[in-house]
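Asker: Protein chains in written order, with our numbering: chain A, 1 to 148; chain B, 1 to 148. Even glycine gets a Cβ: it sits at the ideal position worked out from N, Cα and C. Sharing a structure, written as structure tokens. Questions coming.
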């Protein structure tokens with residue numbers, strides 16, 4: 001499922017391909033993404049804040065989207081707001097981990113979406129390196145919207 | 001100055017080239033950037049939130065960087081934190097406008113940087129369309145750091 005979803009992302013959201021974003025794990029309400037420094041580098045040789053922001057946004061979006069696909073929820077997912085804090089510069093490849101801030105029952109989410117209602121979803125996303133050192137944290141609010 | 005700065009951005013931060021970001025104006029403490037929908041599209045045919053976030057981050061960063069270059073301030077600029085609100089989906093090319101939240105005297109900033117101190121800079125960035133309708137707002141805190 002991850003492989004075909006990944007190909008779909010590259011096709012539908014070309015920037016995910018430019019950033020060479022790769023979904024490496026989706027389990028236990030967590031989605032992990034990796035991306036090479038090379039595609040996402042800045043003038044100082046570290047990770048471009050715009051890249052890390054975009055990768056964190058798509059990481060949590062993918063977590064929600066795949067959770068919906070698992071339950072055959074036919075819906076659009078949009079970001080509503082976020083806030084990000086950068087602790088320090090990362091000079092290595094990026095590892096990004098998105099989790100839900102609270103536990104969501106996607107069977108109940110499906111019922112809600114099927115009655116035409118929206119569902120708000122809060123995520124937390126962390127940017128770490130291979131040694132799991134924390135470089136940046138994002139809190140983001142998304143909305144699942146029934147498809148018209 | 002804008003043209004050579006733009007080329008430098010494409011070379012140093014490859015994602016700016018992938019997003020086809022173009023600086024269209026830098027005057028009166030404001031920097032304006034444009035980017036085509038095509039490079040920054042999502043699965044719904046509207047602007048990918050990750051793209052708009054990255055473009056807003058680089059827009060304010062460029063405003064600060066060019067303000068520093070104008071005064072021959074030799075410094076790195078890094079993003080520290082931001083928060084973004086998306087009002088609605090944009091199905092057109094992006095126009096992004098970055099301004100300073102307060103007025104900064106870059107002659108005084110230069111004195112501060114030259115004594116080895118950091119300077120915090122607060123910016124506001126807006127995503128609009130060609131008709132100046134507002135689609136997203138970001139508040140972002142940057143730091144100007146003396147080069148070692």
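Cβ atoms of residue 54/A and residue 54/B: under 8 Å apart, would you say?
Answerer: The answer is yes: Cβ separation under 8 Å.
Asker: For residue 91/A, count neighbouring Cβ atoms within 10 angstroms of its own Cβ and tell me buried if that reaches 16, exposed if not.
Answerer: Exposed is the call here.
Asker: Considering only the alpha carbon of each residue, which of 135/B, 111/B, 102/B, 48/B lies closest to residue 77/A?
Answerer: If we check each option's Cα against that of residue 77/A, 48/B comes out closest.
Asker: Between the alpha carbons of residue 32/B and residue 104/B, how many angstroms are there, rounded?
Answerer: Looking at the two C-alpha atoms, the distance is approximately 18 Å.
Asker: To test your reading of the DSSP string, which unbroken beta strand (DSSP E) runs of 3 or more residues are found completely within the segment 85 to 132 of chain B?
Answerer: Counting whole runs of 3 or more residues, the segment 85 to 132 of chain B contains the beta strand (DSSP E) stretches 94 to 100, 119 to 128.
Asker: Check for me: the alpha helix (DSSP H) holding residue 69/A runs from which residue to which?
Answerer: Residues 49 to 70.
Asker: Leaving out five residues on either side along the sequence, give the residues of the same chain with a beta carbon under 6 Å from the beta carbon of residue 141/A.
Answerer: Excluding sequence neighbours, residue 141/A sits near 80, 81, 122.
Asker: Please state whether the Cβ-Cβ distance between residue 192/B and residue 148/B is less than 8 Å.
Answerer: What is shown of chain B runs 1 to 148, which leaves residue 192/B out entirely.
Asker: Less than 8 Å between the CB atoms is what I'm expecting for residue 58/B and residue 24/B, so what's the real figure, rounded?
Answerer: Contact flag wrong, Cβ pair sits at about 14 Å.
Asker: Closest by CA to residue 61/A, which one among 85/A, 129/A, 26/A?
Answerer: Measuring from the Cα of residue 61/A, the nearest candidate turns out to be 26/A.
Asker: Alpha carbons only, please: which of 110/B, 94/B, 109/B is nearest the one belonging to residue 131/B?
Answerer: That would be 94/B, whose Cα lies nearest to the Cα of residue 131/B.
Asker: By the criterion of Cβ-Cβ separation under 7 Å, what are the contact partners of residue 3/B in chain A?
Answerer: Within chain A, no residue comes near residue 3/B; the closest Cβ sits about 17 Å away, beyond 7 Å.
Asker: Using a Cβ-Cβ cut-off of less than 8 Å, give me the residues of the segment 125 to 138 of chain B that come near chain A, in sequence order.
Answerer: Listed by position along the chain: nothing, the set is empty.
Asker: What three-state label does DSSP hand residue 147/A in the structure shown?
Answerer: Note: residue 147/A maps to coil in three-state DSSP.
Asker: Taking the alpha-carbon of residue 75/A as reference, which of 42/A, 30/A, 110/A has the nearest alpha-carbon?
Answerer: Residue 75/A has its Cα closest to that of 110/A, out of 42/A, 30/A, 110/A.
Asker: Residue 44/A: which of 85/B, 43/B, 14/B sits nearest, CA to CA?
Answerer: Ranking the options by Cα distance to residue 44/A, first place goes to 14/B.
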